[in-house]
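In my numbering, the protein residues as written are 242 to 822. Just so you know, even glycine gets a beta-carbon here, dropped at the ideal spot from N, CA and C. Taking it in order: structure first as structure tokens, then the write-up.
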């Protein structure tokens, strides 16, 4: 088996190990060295190997004339593998004649492995020539010998003109620039002396297509691509820095920079805004920005915080200017000039309040009074205020004194609902329902009526507690001074819708009306005005000094007495000062 020349011919590997030669066959140039000839004595017992190898180096290549088949195969190996000693394997046989018409182990031209074995070059190991493939034992003097360095393979000679081969690879198309590493252009007339490798070695045949990646133009192509890549990296890096810088600037501006703000005191275009109760700086800022007064909420909040009185801005309706600086807007909100709220003073009667609402809403006179009379049950009155008989106005006492945002375009019922809601809230805070019985009154309704009397008769906040005591003392049916009769001028004036001070006793006693306390004992049917906080507090906490009478001489203060005699003495003195008898 190991001496079979056909077997050797079939294994077309340049690094194949001889049968018993003890050394690995190497790549050789056809001139200068003939290792097969040197190993011939060791191979004499295995056929005419000497003759076969001797014919290997015949410069005349006689095997072409004798056997075209083998000559063609020899040419293929010379061109593809560049291993000249394969020619000897193909020409030499057992008898050295070169006629192998029926050699069973000759290489098959159609065998793809026989023709393409050189695709892996001299660097592919032959597993039949390695210890892994169970090699035959070697002589002692040849064992573990160091392998000789492999010389570079020489280029095979070109075939002579006119000779034909069984395999034609077709026109040399070279390597694509991507696989060859070049720039995709031929390197005309340039050779750096490197031998082509890989696929270029097999197909290029030393042509310029095989070396296209190693010329100067290929280097320029690489430099061009490297330059483009660097440019892209620089552009991406620069763009990233620009993006980071932009967003960093935006973050700084949003976090630390000054908020956008208009300049000046406004454009001259007036605008009305309503600030609701309990609104904070950001709430007010949003309202002003939506109305076009300030440019940004943050600018207004900053200006409000920077003003010592900025947090004293009250709810209400304000007339401002569009496109104002935030600081100017704060100053105007703090100025009474900008207030356009409807202010309900303490002690005002409903008839007066209705007129004020009509004027503010710019509606016909009597509009609000008509809504109040018709829709009072739907305006939010508490249950204890409903279904009271003989009332002149069911809403009297529930249009609570305060400042209200009222402007043109609003509906009267909407304004009335705000006022009634404010009154109901206040009366709940004062807990009128529970405290009424402790004062000898029949529920919160009577307590509210007492507070309205205190508000109407009192001339100052200091008078309210004493005035409340006068009311409670006179309401007592068994008191020795009035015997349960109040006799307040304010009740007569209310029903008359007037405010007179100098009234005669005859006039007062002869007018028959439930509200006339000179004619009727006890409390009137309901409140006669809208009492404020101080009047309510006075009604809830009266003095206990025994006051029954009072006299207001100048409209600014009152004098109180405990007996009728003391009271008449004060009245005579006041009449004398006025020139009256």
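Closest Cα partner of residue i within the set the options
{"i": "residue 639", "options": "657, 645, 515", "result": "657"}
{"i": "residue 766", "options": "812, 751, 790, 687", "result": "687"}
{"i": "residue 783", "options": "620, 692, 590", "result": "692"}
{"i": "residue 728", "options": "790, 527, 700", "result": "790"}
{"i": "residue 525", "options": "499, 504, 556, 506", "result": "556"}
{"i": "residue 535", "options": "676, 481, 514, 550", "result": "514"}
{"i": "residue 512", "options": "523, 467, 570, 538", "result": "570"}
{"i": "residue 711", "options": "680, 470, 787", "result": "787"}
{"i": "residue 635", "options": "645, 620, 647", "result": "620"}
{"i": "residue 560", "options": "509, 543, 593, 544", "result": "509"}
{"i": "residue 616", "options": "661, 684, 713, 678", "result": "661"}
{"i": "residue 539", "options": "503, 562, 519, 732", "result": "503"}
{"i": "residue 709", "options": "595, 778, 747, 730", "result": "778"}
{"i": "residue 637", "options": "673, 605, 607, 593", "result": "593"}
{"i": "residue 610", "options": "598, 678, 603", "result": "598"}
{"i": "residue 731", "options": "792, 529, 505", "result": "792"}
{"i": "residue 516", "options": "531, 505, 507", "result": "531"}
{"i": "residue 522", "options": "613, 554, 577, 492", "result": "554"}
{"i": "residue 798", "options": "646, 699, 673", "result": "699"}
Exposure of residue i, with buried meaning 16 or more beta-carbon neighbours within 10 Å
{"i": "residue 541", "result": "buried"}
{"i": "residue 670", "result": "exposed"}
{"i": "residue 659", "result": "buried"}
{"i": "residue 299", "result": "Bear in mind that a pLDDT of 45 at residue 299, under 50, signals an unreliable position, so the model cannot answer this."}
{"i": "residue 479", "result": "exposed"}
{"i": "residue 759", "result": "buried"}
{"i": "residue 441", "result": "Summary for residue 441: the model assigns pLDDT 41, below 50, so the residue's position carries little reliability; its value from the coordinates is reported in the next sentence. Answer is buried; the Cβ neighbour count reaches 16."}
{"i": "residue 690", "result": "buried"}
{"i": "residue 477", "result": "exposed"}
{"i": "residue 795", "result": "exposed"}
{"i": "residue 812", "result": "exposed"}
{"i": "residue 714", "result": "buried"}
{"i": "residue 643", "result": "buried"}
{"i": "residue 437", "result": "Model confidence at residue 437 stands at a pLDDT of 43, short of 50, so the residue's coordinates are unreliable; what they give is reported in the following sentence. So residue 437 ends up on the buried side."}
{"i": "residue 588", "result": "buried"}
{"i": "residue 546", "result": "exposed"}
{"i": "residue 764", "result": "buried"}
{"i": "residue 820", "result": "exposed"}
{"i": "residue 664", "result": "buried"}
{"i": "residue 451", "result": "Residue placement at residue 451 is poorly supported in this model, since its pLDDT is 41, which falls under 50; the coordinates still yield a value, given next. Under this definition residue 451 is a buried residue."}
{"i": "residue 678", "result": "exposed"}
{"i": "residue 591", "result": "buried"}
{"i": "residue 804", "result": "exposed"}
{"i": "residue 468", "result": "exposed"}
{"i": "residue 816", "result": "exposed"}
{"i": "residue 809", "result": "exposed"}
{"i": "residue 780", "result": "buried"}
Beta-bridge partners of residue i, as assigned by DSSP
{"i": "residue 562", "result": "511"}
{"i": "residue 583", "result": "645"}
{"i": "residue 799", "result": "793"}
{"i": "residue 557", "result": "516"}
Limits of the unbroken beta strand (DSSP E) element including residue i
{"i": "residue 732", "result": "Unbroken run through residue 732 is the alpha helix (DSSP H), 730-737; no beta strand (DSSP E)."}
{"i": "residue 790", "result": "790-793"}
Continuous alpha helix (DSSP H) stretch holding residue i: start and end
{"i": "residue 803", "result": "From DSSP, residue 803 is part of no alpha helix (DSSP H); its letter is neither H nor E."}
{"i": "residue 658", "result": "653-670"}
{"i": "residue 691", "result": "684-698"}
{"i": "residue 674", "result": "673-679"}
{"i": "residue 525", "result": "522-531"}
{"i": "residue 616", "result": "608-616"}
{"i": "residue 715", "result": "705-716"}
{"i": "residue 758", "result": "Element bounds for residue 758: n/a, residue is neither H nor E."}
{"i": "residue 780", "result": "774-781"}
{"i": "residue 547", "result": "538-547"}
{"i": "residue 573", "result": "567-575"}
{"i": "residue 604", "result": "First-last for residue 604: undefined, no H or E at that position."}
{"i": "residue 747", "result": "746-750"}
Contact test: residue i Cβ vs the ligand PLP heavy atom, cutoff 7 Å
{"i": "residue 600", "result": "The model depicted lacks the ligand PLP and carries no ligand whatsoever."}
Validate contact between the segment 771-784 and the segment 739-753 using beta carbons, cut 8 Å, 3 pairs: no
Three CB pairs or more closer than 8 Å across the segment 573-589 and the segment 614-629: no
For the segment 643-651 and the segment 742-755, state whether three or more C-beta atom pairs, one from each stretch, are separated by less than 8 Å. no
Does the segment 664-679 come close enough to the segment 572-582 to have 3 or more Cβ pairs within less than 8 Å? no
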